[in-house]
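Asker: In the order they appear, the protein sequences are chains F and H. Here the numbering used here is used: the first residue of the first sequence is 49, the next is one more, and so on. Here the numbering used here is used: the first residue of the second sequence is 490, the next is one more, and so on.
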Amino acid sequence: AQSVTQPDIHITVSEGASLELRCNYSYGATPYLFWYVQSPGQGLQLLLKYFSGDTLVQGIKGFEAEFKRSQSSFNLRKPSVHWSDAAEYFCAVGAGGGADGLTFGKGTHLIIQP
Amino acid sequence: EPEVTQTPSHQVTQMGQEVILRCVPISNHLYFYWYRQILGQKVEFLVSFYNNEISEKSEIFDDQFSVERPDGSNFTLKIRSTKLEDSAMYFCASSAQGQFSGNTIYFGEGSWLTVV
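1) Report yes or no: is there a C-beta of chain F within less than 9 angstroms of the C-beta of H:Lys572?
2) Apart from the five residues on each side of it in sequence, which residues of its chain come closer than 6 angstroms, Cβ to Cβ, to F:Leu69?
3) What residues in its chain sit with their C-beta under 6 angstroms from that of F:Asn72, if we drop five residues either side in the sequence?
4) Could you confirm whether any beta carbon from chain F is found closer than 9 angstroms to the beta carbon of H:Gln500?
5) So which residues of chain F does H:Ser576 contact, with C-beta pairs closer than 8 angstroms?
6) In the DSSP assignment, the beta strand (DSSP E) including H:Asn541 goes from what residue to what residue?
7) Helix, strand or coil, according to DSSP, for F:Gly146 in the structure here?
8) Could you check whether the Cβ of H:Glu557 sits closer than 9 angstroms to any Cβ belonging to chain F?
9) Within its chain, find whatever has a CB closer than 8 angstroms to the CB of H:Gly597; leave out the 5 residues flanking it on each side and keep chain order.
10) Within 10 angstroms of its Cβ, does F:Pro55 collect 16 or more other Cβ (buried), or is it exposed?
11) Have a look at H:Phe534, H:Glu557 and H:Thr571 and flag the residue whose alpha-carbon is nearest the alpha-carbon of F:Cys140.
12) Only counting runs of 3 or more residues, tell me where the beta strand (DSSP E) segments fall wholly within the segment 52 to 111 of chain F, in order along the chain.
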């Protein structure tokens with residue numbers, strides 16, 4: 049069965065600084081990988097996804113993520129964070145095949161300090 | 490931008506009562522999903538629904554749970570006899586194709602269920 053590990057429960061970053069959120073997955077074949085963001089009181093918004101092809105994927109809001117098969121990682125990055133980026137970030141992996149469910153990590157809570 | 494809407498946003502119910510959570514998926518979408526997030530824990534897949542039947546379900550989705558698409562627009566999750574441990578945020582989601590066909594899966598804002 050697939051699993052996702054987000055090792056950082058909380059991360060604090062200064063506004064304008066760069067950000068990297070870690071995600072490691074466990075899955076036997078080529079995974080489908082996703083990053084979602086959840087702002088307080090909001091639903092889950094897809095930031096970006098990796099299905100195949102270029103291992104560096106660009107998402108919304110200036111985020112990008114890099115799939116590294118050798119490290120089983122899909123880390124999320126942003127060169128310069130804004131106060132509005134404060135939220136909960138979830139990495140997820142899917143097994144593929146139509147309606148299969150996603151397996152989410154426990155999330156990383158991002159705090160932006162002035 | 491089209492969105493998935495969920496009602497109610499928050500419901501408090503007595504243990505043992507039946508609860509129905511409602512969702513209106515995006516109108517041209519074909520796949521529908523329910524996920525659950527217990528407070529402080531990760532989001533968990535419950536069930537997916539396509540062509541008027543369940544496609545996949547997790548071990549969480551036991552006989553207490555059922556889903557239905559009663560008309561062309563609504564998608565409901567019913568919990569037959571709620572337990573304290575059913576207290577969670579329930580997310581509805583939909584996608585135009587299966588979520589691994591390259592299409593985005595859109596989530597609603599969630600329905601927070603509190604069982605007392």
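Note that the Cβ used here is the ideal one computed from N, Cα and C, for glycine as well. Bear in mind that the values here come from a model prediction, so they are computed numbers and not experimental data.
Answerer: So, to answer that:
1) no
2) Leu124, Tyr137 and Thr156
3) Thr53, Ser120 and Ser121
4) no
5) Here the premise fails: no neighbours, minimum Cβ distance about 17 angstroms.
6) Run containing H:Asn541: none; DSSP gives neither H nor E here.
7) Interpretation of F:Gly146 is limited by its pLDDT of 49, a score under 50 that renders its predicted location unreliable; no figure is taken from the coordinates.
8) no
9) Glu492, Val493, Thr494, Gln495, Cys512, Phe580, Cys581 and Ala582
10) exposed
11) It is Ala, not Cys, that sits at residue 140 of chain F in the sequence shown. Measuring from the Cα of F:Ala140, the nearest candidate turns out to be H:Phe534.
12) 58 to 62, 67 to 69, 72 to 74, 80 to 86, 92 to 98 and 104 to 106
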